[in-house]
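Residue 1073 in the numbering used here sits at position 554 of the sequence shown, with consecutive numbering throughout.
A virtual CB, placed ideally from N, CA and C, is assigned to each residue, including glycine.
What follows is a single structure, written as structure tokens, with notes after it.
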Amino acid sequence: MPARAEKAVSAGEPPLSAAAVRADFRSTIFWSPMIETDSAGMARVPLKYAESLTQWRATARAFTADTRVGEVFVKTRTRKNVMIRLQAPRFFVERDLVTLSANVHNEFAEPLRVKVSITVAAATDNEEAPLQLSGESVRWVEVGPRAQQRVDWTARATRPAPVNITVTAESGRESDAMMRTYPVMVHGAPKMLTAAGSFKNKWTFSFKLPEERSPEVSRLKIIVTPSLAASLFDCLSYLADYPYGCVEQTMSRFLPSAIVARTLERQGLSRDDVDPQLSEKLRDGLARLAGFQHNDGGWGWWTADDSNPWMSTYVCFGLQLLGDADYNIDRNMLDRGLNYLRNELLKQGDNPDMAAFMLYVLGKAGRSDAEMDKLSAALYERREKLSPSTLALLGLYYHSKKDLEKSGVIGRNLVGFAKVEKSNDTAQFGRTGVVVRWSEAAVEATALSLYALAEIAPEEPVVRQAVRWLVYNRRGNRWNSTRDTALAVLALNAYLEKSGEQKSAGTLTLSRAGRVMDTWRIEAETRVRPRELTLAEGEWLAAGNNRYELAWDGGGEVYAFAYLTFFTKEEDITAAGNEVFVSRKYYRVVPKETLLQGVYETKVELEPGESVRSGERLEVELSIDCKNNYEYLVFEDYKPAGCEPIAQVSGPAWGAVYTQMELRDEKVAFFVSRMNQGRHEIRYQLRAEVPGAFHVLPHQAHAMYVPEIRANSAEGRLEIAP
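What follows is the structure, given as structure tokens:
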């Protein structure tokens, strides 16, 4: 129990002993990689103990020249007859109200009358102390023989800065004092607000900056991509620079670049805008594929393996696209490949994915016979049970045969498979996560569905939504592999060719509150290059509502992204996110006893304003909503200053979506190597220890290598009673 204040020492009592302030609390006080003994096997090492009052362990290991070894452990203890221990959180947050405690130990056999005091001071400047005490800083207590007594003070954190806290216990026999330095963290958090849009005429967006913030770090970044083609260039460099060269990678290395280059060339641009060395890469790649072709006309992964149906179909598909784009190809090589596909087609009865891909490539080449018609009719009858990828390829097959009725039906069926996310206006096909069949993977399924719908039903809204999903799901300059990256680029290029957005010139105008901030003249040949503007606080960015407008007077569609980053200090910080969203809840862990099953635990959610008692366990639940698939995410959960995380020592990880968990003084960090689209949870436990009323800073989440993907939860509160 905390001690009550006693009267001051009377004039007849002995004077108080002076107290030396302990401040050196190292946990390791000596280490040496080598100590050489004398001829008697003895060595002496000078050692100065740190000022922690604790038990120490010395470990010595000896090795002789003839490989004899030995090891010894020795324990010692540093102690005082009068000791004082400071109890405080590892850190404070500005505006926190906290209980600071000092435990006074009397190791004498007689009771002691002790003067206990506390001082707080700024550690790095001469300003006012970052902690303000309430009440008297000096107390007198009676401590029994070989007993201890606790003294409490209340303090409020008033500004962010390091603070020195010193507690002193003085008696007539012995005294003690200790000082520790603690950080007082700013009440605030980095926050990012985002806006994204695609428009043909104008786009309006707005951001609100709070009054309480750090204005020197506020930044508004606006990125305008005048056409979809600008989004494809990074992907082409990834494919072209991929260091390996199997059959698939050889085709994927030059095919997308060649097709995108021809699309832009048809719209009046130079193929050098895509790759100045494209002709050389195309020539070398086609020669390499010719060398890979097997005697049966097919292709495997390399030259010495068996022919593979998918690999062979993909090569024939690529050769057809190159021929359609007016590139010179070896027609004999393509014909031999098509003959292999026809011979293998009827073996794919139990593999509708592969059968549909082969049918499409053979149909595109003008090949048709009764057996192909029978197989395609069987697939058409069971179309509602096919995967989106298979359905897309079957639709392309009928479209190539000019059967618009069946291709139209399949197009409508395919639209029904779209998973539309209204929050970011995207549409995904297929499944995220681990899949067994290639046709089920989200990137490939979305790419093939977009490729088909761009031909069959280009006016469907889901076409634009699928474009956005693919653009938003890139990981830097790629998707998951060379294979799905190539398919995604080909699908986006198909949309680009149909939309014709690359052909038009125009002027982009950025304005705020009716005042023009900047203009960009965009010529048709420069629409492949994005425009970027970054604003600091000033004339165009200030506290309050900031409303902007982007206007475009050319043809086609323009894509724009805006990111406002700032450090808010407002009370009750609200949640925000871009592509990732996080919320946080606290649960009281309540043990229950049963007659037959012993003790089990229940969890009761803490209501706003509800307090917990010191010593109680809490479970933290982090709910994460991912709008797309992401890799290498960090989740940093800032804890209440009066709580300590409970390290897990065995068993499965709590909420085991993470691969690494680190316990820090002010937060618990979780590292996730991959997180798929959808909802996820991370849980861990805390123990309430130091009484007080604490601000819980917002949880911070971000992608390590894509800073635009980030989120923060809302701020929290937690009150801990003694």
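- DSSP, reduced to helix, strand and coil, places P552 outside both helices and strands of the structure shown, so it counts as coil.
- Checking the DSSP bridge columns, you'll see V1101 partnered with I1143.
- The segment 573 to 585 makes no contact with the segment 666 to 673, as fewer than three CB pairs between them are under 8 Å.
- A distance below 6 Å between beta-carbons, with the five flanking residues on each side excluded, links K941 to no residue of its chain.
- Linking A844 to E1016 through their CA atoms gives a straight-line distance of about 12 Å.
- Going by beta carbons, A1013 and Y970 fall inside the 8 Å limit.
- Per DSSP, W829 is one residue of the alpha helix (DSSP H) stretching across P828 to D843.
- In the assembly as shown, L1009 is a buried residue. Its beta-carbon has 16 or more other beta-carbons within 10 Å.
- Separation of the CB atoms of T1038 and T1026 is rounded to 6 Å, and the pair is thereby assigned contact status at 8 Å.
- Using a Cβ distance threshold of 8 Å, I741 and L1152 do not count as a contacting pair.
- Residue pairing by DSSP puts P1164 in a beta bridge opposite L1205.
- The beta carbon of R598 sits closer than 6 Å to the beta carbons of L572 from its chain, once the five residues preceding and following it are set aside; these are given in chain order.
- Using a Cβ distance threshold of 8 Å, S771 and R997 do not count as a contacting pair.
- Annotated three-state conformation of A1062 is coil, per DSSP.
- Positions of the beta strand (DSSP E) runs, each at least 3 residues long and wholly inside the segment 997 to 1027, cannot be given because no such run exists.
- Our two residues, F836 and M1223, have alpha carbons roughly 37 Å apart in a direct line.
- Residue W829 holds the alpha-carbon nearest to the alpha-carbon of K866 among W829, R596, A777 and L841.
- The continuous beta strand (DSSP E) containing R576 extends over residues Q574 to F582.
- Per the C-alpha coordinates, the member of R850, L905 and E900 positioned closest to F876 is L905.
- Residue I848 holds the alpha-carbon nearest to the alpha-carbon of A777 among A809, P977, D815 and I848.
- Scanning its chain for C-beta atoms nearer than 6 Å, with the 5 sequence neighbours on each side dropped, one finds around S926 the residues G914, Y917, H918 and I975, in chain order.
- Exclusion of the five residues before and after A1007 leaves V962, A966, L989 and W998 as the residues of its chain whose Cβ lies within less than 7 Å of its Cβ.
- The alpha-carbon separation between E1234 and A1094 amounts to approximately 8 Å.
- In this structure, E1058 is the residue among E1058, Y833, R1107 and M697 with its C-alpha nearest to the C-alpha of R1034.
- By DSSP's assignment, T687 forms a beta bridge with S636 and A696.
- Here R587 carries a coil assignment [DSSP, helix/strand/coil].
- Residue state for Y1151 is assigned as strand, using DSSP reduced to three classes.
- In the pairwise beta carbon analysis, the segment 631 to 639 is classified as touching the segment 652 to 668: at least three pairs are separated by under 8 Å.
- Remark: three or more beta-carbon pairs, one from each stretch, lie closer than 8 Å, so the segment 692 to 706 and the segment 534 to 549 are flagged as touching.
- Excluding residues up to 5 positions away in sequence, E1068 lie with their Cβ nearer than 6 Å to the Cβ of T723 in the same chain.
- For A884, the closest alpha carbon among the candidates A896, R902, L838 and E1112 is that of L838.
- Burial is judged here by how many other beta carbons sit within 10 angstroms of a residue's own beta carbon; I554 has fewer than 16 and is exposed.
- Put simply, of R1183, N1195 and Y1149 the residue whose alpha carbon is nearest the alpha carbon of H1221 is Y1149.
- Where I778 is concerned, the enclosing alpha helix (DSSP H) starts and stops at V766 to R785.
- A residue is called buried when at least 16 other Cβ atoms come within 10 angstroms of its Cβ; R781 meets this threshold and is buried.
- E959 and P1217 have their C-alpha atoms spaced approximately 37 Å apart.
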